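Here the sequence shown is numbered in this note's numbering, starting from 2 and rising by one per residue.
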Amino acid sequence: MQVCTTHTRPTRLFLLEKEEAGEYTPDFTFSFDDYYGDYLARQKAQGKAYYQGLGIERDDAEGRRRVVNYNHTFFGAPHVALLFMPAFGDNVRVAGDIGMYGQTFLLSCAARGLGGVPQTLLGLFAGTIREFLDIPDEYKMLFGISFGFPDPNASANRIKMDRVPVTESVTFHS
Ligand SMILES: Cc1cc2nc3c(=O)[nH]c(=O)nc-3n(C[C@H](O)[C@H](O)[C@H](O)COP(=O)(O)O)c2cc1C
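Written as structure tokens, this is what we have:
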């Protein structure tokens, strides 16, 4: 595994440019179209709460694009950790390891008063980032975590995302 943390300033405009040019170089495929049932319903509810919390109407395409573009500017954070992994087999096990690392990283940030935003969207630019930071081809990018001291007044930080109750997400056997 390789974690690259970089100051975000040099990369901000660069990722926006790639987005506007539609130049995506992901290592792994992902589509919200693959979601179904409860997962689709939860994803829609989360999106709705997020856009509503930011005051963006459903038909405001420009507003929605502006919000998506926060990703390319790392939500204004000064640093981003980019999580790369060596490719083994079907990659599932090592991807799980990286997910656990990411969670621990987020908790460590919180323990120090920092805030982190996990961003799978950054994986759309894996090839571009690899080239920019001179990372060997054998490392595949999963996601990034932008981090810094959170601004308590930012509207995104005041949104309360619901969580499904444990009784709904866990099946207990006895
Ligand atoms: C693994 C993971 C990847 C995520 N990727 C993105 C992303 O690419 N872009 C984004 O805007 N939000 C993404 N999110 C959601 C936000 O980072 C954040 O978790 C969400 O707004 C809920 O905030 P909360 O966990 O503080 O309630 C992701 C969340 C997780 C857990």
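Glycine included, each C-beta is placed from N, C-alpha and C at the ideal position. Just so we're clear, the structure is a prediction, and the values are computed from it rather than from any experiment.
Contact set for residue i: own chain, Cβ-Cβ below 7 angstroms, skip 5 residues either direction
i, result
"isoleucine 130", "Leu83, Met142"
"glycine 128", "Thr26"
"proline 79", "His8, Thr9, Gly149"
Reduced DSSP category for residue i - H, G, I as helix; E, B as strand; rest coil
i, result
"threonine 26", "coil"
"phenylalanine 150", "coil"
"valine 95", "helix"
"glycine 124", "helix"
"valine 118", "strand"
"histidine 80", "strand"
"histidine 8", "strand"
"serine 175", "coil"
"isoleucine 160", "coil"
"alanine 111", "helix"
"valine 165", "coil"
"isoleucine 136", "coil"
"tyrosine 102", "helix"
Min CB distance residue i to chain B below 8 angstroms
i, result
"aspartate 135", "Going by chain labels, chain B is absent from the structure shown, which holds only one protein chain."
Buried or exposed (CB count within 10 angstroms, at least 16 for buried), residue i
i, result
"proline 151", "buried"
"threonine 105", "exposed"
"glycine 103", "buried"
"lysine 19", "buried"
"alanine 42", "exposed"
"valine 81", "buried"
Close Cβ partners of residue i (< 6 angstroms) along its chain, the five nearest in sequence each way excluded
i, result
"phenylalanine 76", "Val118, Ser147"
"threonine 121", "Phe144"
"aspartate 28", "Ala127, Lys141, Met142"
Bridge partners - residue i, DSSP secondary structure assignment
i, result
"lysine 141", "Met86"
"glutamine 3", "Phe85"
Close Cβ partners of residue i (< 8 angstroms) along its chain, the five nearest in sequence each way excluded
i, result
"arginine 65", "Tyr52, Ile57"
What residue ranges within the stretch 29 to 65 form continuous alpha helix (DSSP H) runs of no fewer than 4 residues, ordered along the chain?
List check, alpha helix (DSSP H) in window: 38 to 54.
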